[in-house]
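For the sequence shown, the numbering used here gives the first residue as 110, with consecutive numbering after it. Glycine included, C-beta positions come from ideal geometry on N, C-alpha and C. From a predicted model like this one, the values you see are computed outputs, not experimental measurements.
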Amino acid sequence: LSEVAQRCGVPLHIDCTLGGFLLPFMEYCDYSIPTFDFRLPGVTSIAIDLHRYGQAPRSCSVLMYRDGSMLRHQCFSDSDWAGGVYATPTLAGGRDGGAVATAWATMLGKGRDGYISACHRVVEATRRLADLLSDIDGITLRGAADLCVVAFETSIGDIYVLVDFMTTKGWHVDPLLSPEAARVPVTLRMCEEGVLEALVEDVIEGLRYLSENPTKTTKTSAFFHMLQTVADRSLVDELSLIRLQAHYSIPPPLDRDHRAGRALSVDGRKMSLLTSVEGVKPPSSEKP
Numbered sequence: 110l111s112e113v114a115q116r117c118g119v120p121l122h123i124d125c126t127l128g129g130f131l132l133p134f135m136e137y138c139d140y141s142i143p144t145f146d147f148r149l150p151g152v153t154s155i156a157i158d159l160h161r162y163g164q165a166p167r168s169c170s171v172l173m174y175r176d177g178s179m180l181r182h183q184c185f186s187d188s189d190w191a192g193g194v195y196a197t198p199t200l201a202g203g204r205d206g207g208a209v210a211t212a213w214a215t216m217l218g219k220g221r222d223g224y225i226s227a228c229h230r231v232v233e234a235t236r237r238l239a240d241l242l243s244d245i246d247g248i249t250l251r252g253a254a255d256l257c258v259v260a261f262e263t264s265i266g267d268i269y270v271l272v273d274f275m276t277t278k279g280w281h282v283d284p285l286l287s288p289e290a291a292r293v294p295v296t297l298r299m300c301e302e303g304v305l306e307a308l309v310e311d312v313i314e315g316l317r318y319l320s321e322n323p324t325k326t327t328k329t330s331a332f333f334h335m336l337q338t339v340a341d342r343s344l345v346d347e348l349s350l351i352r353l354q355a356h357y358s359i360p361p362p363l364d365r366d367h368r369a370g371r372a373l374s375v376d377g378r379k380m381s382l383l384t385s386v387e388g389v390k391p392p393s394s395e396k397p
């Protein structure tokens, strides 16, 4: 990809948000991995999340560029602002410096040795989990489980029902759409003794539940199977945007005579004026 990017004169971005604090330390743990970073001349930018395996709090990530020429394109500057000149390096504008300070303190506290140790534990646990799951009848691994994620599918029943079953057991298992599968991100907590074995026991119990309830459906299974039937993927994108717009819009308030006043959404547009809301009682004026 680096060679193609250079030949075609296009930038190559590396999405290292999940493994950004694992891949750089794998060489220190004597794992053999392909070169993926700025040592490849075609790589122009790399993104890393500090809150994942960097173990820092959320809301702080890193975006690195090979040189400053690309950074200029993400910045915003307004020299006609009434207050003088407004310039910000991100679309979010002003950011809380506390998140940056906390992330920096976390990195200093863990140190290189701490991240090397965490990398070794996570990679070994991931590969052990892959071995344990591959030994289960009805489970087939998808992809290479060589870093921090194990993906699998099942021939016994609906994989999405199994995902929801694992949720009831307290595990974080992500559904995958293409193909229909599930993935388990391996965390440091899962590297502790007996945790992987407990997860595998619950997977086996979940498969037994699938075989005993072959027609069982859940919210996750209904939603993901619906997505599979939509040929035009742009419709899925549009539905996602509609959901986000509804989530961040201010609902119209109800007054005491069942009538709704005007309300504004977050982008300033007026929402429809509701004249009545069926089944909604006005708030009582009596004191409790």
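Which of the three DSSP states, helix, strand or coil, is assigned to residue i?
i, result
"ASP124", "strand"
"THR263", "strand"
"ARG116", "helix"
"PHE274", "helix"
"LEU180", "helix"
"THR324", "coil"
"LEU256", "coil"
So residue i and residue j are supposed to be a Cβ contact under 8 Å. How far apart are they, rounded?
i, j, result
"ALA239", "LEU271", "Not really, about 17 Å apart at Cβ, beyond 8 Å."
"THR327", "ASP273", "4 Å"
"GLN183", "GLY151", "Incorrect: roughly 20 Å between the Cβ atoms, too far for contact."
"ALA210", "PRO166", "ALA210 to PRO166, Cβ: 10 Å. No contact."
"ARG161", "PHE134", "Contact doesn't hold; Cβ gap of about 14 Å is too wide."
"ARG236", "ALA254", "6 Å"
"LEU159", "ALA227", "Not quite, the Cβ-Cβ distance comes to about 13 Å (not below 8 Å), so this is no contact."
"LEU319", "ILE245", "About 12 Å; that fails the 8 Å criterion."
"ALA156", "LEU172", "5 Å"
"LEU297", "LEU241", "No, LEU297 and LEU241 are not in contact; Cβ-Cβ is about 18 Å, not under 8 Å."
"LEU316", "THR249", "Not a contact, Cβ separation roughly 12 Å."
"ARG251", "PRO288", "7 Å"
"LEU149", "ILE142", "Actually they are not in contact, since the Cβ atoms of LEU149 and ILE142 sit about 13 Å apart, beyond 8 Å."
"HIS122", "SER154", "5 Å"
Assuming residue i is part of the beta strand (DSSP E), what are its boundary residues?
i, result
"SER170", "170 to 174"
"SER186", "185 to 187"
"ASP283", "283 to 285"
Counting C-beta neighbours from all protein chains within 10 Å, is the total for residue i 16 or more, i.e. buried, or is it exposed?
i, result
"ARG371", "Note that ARG371 has pLDDT 48, beneath the 50 cutoff, so the model's placement of it is unreliable and no number is given."
"PRO120", "exposed"
"TYR195", "exposed"
"SER422", "Residue 422 lies beyond the range of the chain shown here (110 to 397); nothing can be said about it."
"GLY118", "exposed"
"LEU344", "exposed"
"GLY128", "buried"
"VAL259", "buried"
"ILE268", "buried"
"THR324", "exposed"
"PHE332", "exposed"
"ALA307", "exposed"
"PHE185", "exposed"
"MET335", "exposed"
"THR144", "exposed"
"VAL339", "exposed"
"ALA214", "exposed"
"VAL232", "buried"
"ALA234", "buried"
"TYR357", "exposed"
"VAL113", "exposed"
"LEU256", "buried"
May I ask which residues mark the beginning and end of the alpha helix (DSSP H) holding residue i?
i, result
"VAL304", "304 to 321"
"LEU297", "Element bounds for LEU297: n/a, residue is neither H nor E."
Taking 6 Å as the cut-off, is the CB of residue i close to at least one heavy atom of the ligand ZN?
i, result
"ASP341", "Absence of the ligand ZN from the depicted structure is noted, as is the absence of any ligand whatsoever, leaving it without description."
Going along the chain, which unbroken runs of the alpha helix (DSSP H) with 4 or more residues stay wholly within the region 197 to 252?
Runs found: 206 to 243.
Contained beta strand (DSSP E) runs [length at least 3] in the region 326 to 357, N- to C-terminal order:
none
Length at least 3, wholly inside the region 125 to 170: the beta strand (DSSP E) runs in chain order:
152 to 158
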